[in-house]
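Counting in the working numbering, the sequence shown runs from 2 upward without gaps. Ideal Cβ positions, reconstructed from N, Cα and C, are used throughout, including at glycine. Worksheet: the structure to be examined is printed underneath.
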Amino acid sequence: MSMEEEKELHRVVRERHIVTAAFNGVRFQEYCIAVLELLPSRAGVKKAIKRGDLYIDGKPAETGRFMMEGMVVELIEGTLPSSRRFEIDLSVLYEDNFLAIINKPAGIPVSGNYFKTIQNGLAGNIGFSNEPDALPVPRPVHRLDSQTSGVLIIAKTTKAHIALGNLFECRKVQKTYHAVCIGETPDSGELLLPIEGKECHSSFKKIRTSSSIHSSTLTLLQLSPHTGRTHQLRIHCASSGFPIAGDTLYGDRKNTPLHKGLFLAATKIAFPHPITGEMLSVEMEIPHKFTRYMENEQKMFDRYQQGHQTE
């Protein structure tokens, strides 16, 4: 059985709409934004088309279509992951009947065309909602880079999924990260370098420093992204002269600790609860890996200094 046939066999329709005369001649993407409750944004529609989750008259939709009265538009959940369950123990930091917040391990992608993803590992760690609009499988609401660890929000109902997506689009989700950076930094500052021509804003605060034989100085920073561009914190730090340790993409490979991973973690997230409206704030400790690395580098530096003093 082909992948497309398997997807067709297991597909679950989340929304189904019959096009009325009022939408004759309207471009497909515009129709979806106006009608589909689960895809309120243009970006969400584009991603759903690319994934093959949108159908017109029983066939996968294409972007160039125009609506005609009587067409049937369906949004499907996609292939159910029951046969692709990834066994992994995830640390659940918060959970209720509508959402959960987990500590994502570094080195595992949130989703995608892989077996070992957070999405495929949720079923064994997150309870299912008993709400009428419960999702058949809990779903991550946002993304973290594969190499980045830390707090990740999981939606358990349709209403929560939509509301959380809107909170991210309206920048009402406050995120805090910690990173070990290579080099000395100011005590605090604002980073405003545009990325791909788009406005970009991050802020940082120095927590502490340590000496290093390999990198001169290591700095533990608290970072806050105020916009949500891809690799924003990594690009901002590297462009400002203090790349994140372990960043082989944007950092200087000569000073980058290899085989230790990226020293970047999402450590806190705060947002209005999508159902109750109450402010929800979840925080985790800075990964022990970060402090251990800085302490070990300081010890090596001290031994090196003592050896030179006794010569």
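Judged by beta-carbon spacing, cysteine 182 lies beyond the 7 Å limit of glutamine 233, meaning their Cβ atoms are not closer than that value. Non-local beta-carbon contacts of aspartate 58 in its own chain, meaning distances under 8 Å to residues more than five positions away in sequence, involve Met72, Val73 in chain order.
Leaving aside the five residues that flank valine 27 on each side, the residues in its chain whose CB is nearer than 6 Å to its CB run, in chain order, Met68.
Here asparagine 121 is buried, its C-beta having at least 16 other C-beta atoms within 10 Å. Beta-bridge annotation (DSSP): arginine 140 is paired with Ala156.
Restricted to the stretch 34–99, the alpha helix (DSSP H) segments that are unbroken, complete and at least 4 residues in length are 43–52, listed in chain order. Sequence-distant Cβ neighbours of valine 283 in its own chain, meaning closer than 8 Å and more than five residues away, are Leu94, Tyr95, Ile102, Val152, Lys269, Ile270, Ala271.
The alpha carbon of leucine 221 has as its nearest neighbour, out of Val14, Ile287, Tyr115, Gly53, the alpha carbon of Ile287. Under the DSSP definition of a beta bridge, histidine 179 partners with Gln223, Ala266. In the DSSP assignment, histidine 202 falls outside any alpha helix (DSSP H) and carries neither an H nor an E. Annotated as proximal: glycine 247 and leucine 263, with beta-carbon spacing under 7 Å. One alpha carbon belongs to arginine 144, the other to valine 111, and they sit about 6 Å apart. The Cβ atoms of glycine 229 and alanine 239 do not sit closer than 7 Å to each other.
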